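Residue numbers (UniProt numbering): 1 to 596. Read through the structure below, which is laid out as structure tokens, and then see the notes.
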């Protein structure tokens, strides 16, 4: 019998709701509230709820003046910035449908998304994105605007339009109206367009916002969020929308290279990231300690942080542990928090498993990482570790309104108001996504324990070795990738005698390793592939991963690749590995791993 767990809904979407309702309500209830922060000439400047609504209204009217009709699809190709969110709300307010495109997408992918969705217009961030669109074979009638130069002109044209026109567009939108078409990452083929309705978005936003501990502790009117993940990804977008609903000040940046400087300047109270972000933060803290001659201090502090966090799940920490924790808080943990700006006490992680030790480390340092799980098809989060109900190593219990079932074969199935309406113009794919009882097949494998979901792998990614052993590659890859020197890892072994792995190096980690070894910075990876100390360091990451599985499932051999994986080739825009592409492109390297 299948295991099932559900959580009662805190909110049920009414027929006439729109994802743009929150900014109207905010401007009415708290017009002078600093809803956003914009970086202008190096200084963060506030944008009030009323100012934001005025900007959205003018831009939406400008879209109508430009001929955008109800239900028209409008592309949005940009990195994370204030104008992304502004355009998203303007498109909805005009009764149109937004179609996000990663700003890293190659011309072929942008072309597919715009043509498949039937977009009539597109916002491009800048000249670079415009050049990508120039190289794409899109419809000749596709209207284009650039965020960095056309918004003022478009908004000015909208200010002369009658208010009744926009009010009528808003009345045409309801819970079943499509709000956005978000294309999947395309790991196994062409991306499919997930149609998310206004009801999907509003139900997700308000059920997350009303979950235990969120509105009164994590995302409040006094909280602030610095968003740096791509808004084309449903996770970042939904967290941003929950922040807007709860009155949390939202700031944007796409300057990942300058993030270490921006976090202390903006000082957010919550961080949104993917596991790699937190791995890099940990690696940086450890590296600073080690190079400063404090290796043993950091190791002791790390062990204490993990022990302290674990004790919170089993009872109250004992006196010796509390004393040690207070000591290391002054010496180490405060410095870790300072890298996040000094005020953050919560972080949210999704997209891949964070790892048990890393989760305990950060909680022990005073930053609780709320790990969750979901898909584009589920409007992002379906489960979440809430502040009051957390079990590190899992992705939490179902959010309000959601139900999770683990089938007999281990596949995780879900139901809820956040589950998408179907794939855009693809009835066959939509029908195949659901079982006969209307449960969405997620393709993820997992286990339920007292309602807490643990993801164990992807159904389609299971490797069957020549001896018939089933191996889930994701847990091994995540553990190897957690090493500071590793960029990506792909575990292989389908119909092969044993499990092996392809490993790329993290550019920052590789530069750090060369300094440790006293090697010249000019040395490339290809020159040092066989360096015994490099091989030994990667072997430690593989050994750590192997300790989590049986001998038959462990990685027996690995190969370090000379080049990192690239978005548009080995990686999707959301940084997921395109396994089939990697296996095809690197067939000679794979065969070499199994050569006698």
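Cβ coordinates follow ideal geometry from the N, Cα and C atoms, glycine included. All of these numbers come straight from a predicted model, not from anything done at the bench.
Within 10 Å of its beta-carbon, does residue i have 16 or more other beta-carbons around it, so buried, or fewer, so exposed?
i           : result
residue 172 : exposed
residue 319 : exposed
residue 585 : exposed
residue 464 : exposed
residue 45  : exposed
residue 511 : exposed
residue 467 : exposed
residue 16  : exposed
residue 395 : buried
residue 125 : buried
residue 537 : buried
residue 360 : buried
residue 330 : exposed
residue 198 : buried
residue 569 : exposed
residue 428 : exposed
Could you check what DSSP says for residue i in three-state terms: helix, strand or coil?
i           : result
residue 438 : coil
residue 588 : helix
residue 450 : coil
residue 329 : helix
residue 500 : strand
residue 152 : helix
residue 278 : helix
residue 298 : helix
residue 194 : strand
residue 5   : strand
residue 231 : coil
residue 45  : strand
residue 145 : strand
residue 444 : strand
residue 74  : strand
residue 507 : helix
residue 17  : coil
residue 159 : coil
residue 287 : helix
residue 581 : helix
residue 601 : Outside the shown range of the chain (1 to 596) lies residue 601, about which nothing can therefore be said.
Which residue marks the beginning of the alpha helix (DSSP H) containing residue i, and which one marks its end?
i           : result
residue 53  : 49 to 65
residue 234 : 234 to 246
residue 427 : 427 to 432
residue 651 : Because residue 651 is not part of the residues shown, which for the chain are 1 to 596, the question remains open.
residue 480 : 473 to 481
residue 117 : 107 to 117
residue 164 : 163 to 171
residue 135 : 127 to 135
residue 259 : 259 to 266
residue 86  : 82 to 93
Check the C-beta distance from residue i over to residue j and give it rounded, since I have them as a contact under 8 Å.
i           : j           : result
residue 382 : residue 402 : 5 Å
residue 227 : residue 215 : Not really, about 19 Å apart at Cβ, beyond 8 Å.
residue 65  : residue 167 : Not quite, the Cβ-Cβ distance comes to about 15 Å (not below 8 Å), so this is no contact.
residue 438 : residue 459 : Actually they are not in contact, since the Cβ atoms of residue 438 and residue 459 sit about 19 Å apart, beyond 8 Å.
residue 96  : residue 63  : 7 Å
residue 376 : residue 184 : 6 Å
residue 159 : residue 58  : 5 Å
residue 56  : residue 75  : Rounded, the Cβ-Cβ distance is 18 Å, inconsistent with contact.
residue 267 : residue 343 : 5 Å
Start and end of the beta strand (DSSP E) containing residue i?
i           : result
residue 68  : Counting along the chain, residue 68 falls outside any beta strand (DSSP E), and DSSP gives it neither H nor E.
residue 183 : 178 to 183
residue 102 : 97 to 102
residue 34  : 34 to 40
residue 486 : 486 to 492
residue 413 : 411 to 415
residue 123 : 121 to 124
residue 380 : 380 to 384
residue 405 : 403 to 406
residue 249 : 249 to 252
residue 273 : 270 to 273
Suppose only complete runs of 4+ residues qualify. What are the alpha helix (DSSP H) ranges in the stretch 512 to 554, listed by chain order?
525 to 528, 532 to 546
Length at least 3, wholly inside the stretch 337 to 377: the beta strand (DSSP E) runs in chain order
346 to 349, 368 to 375
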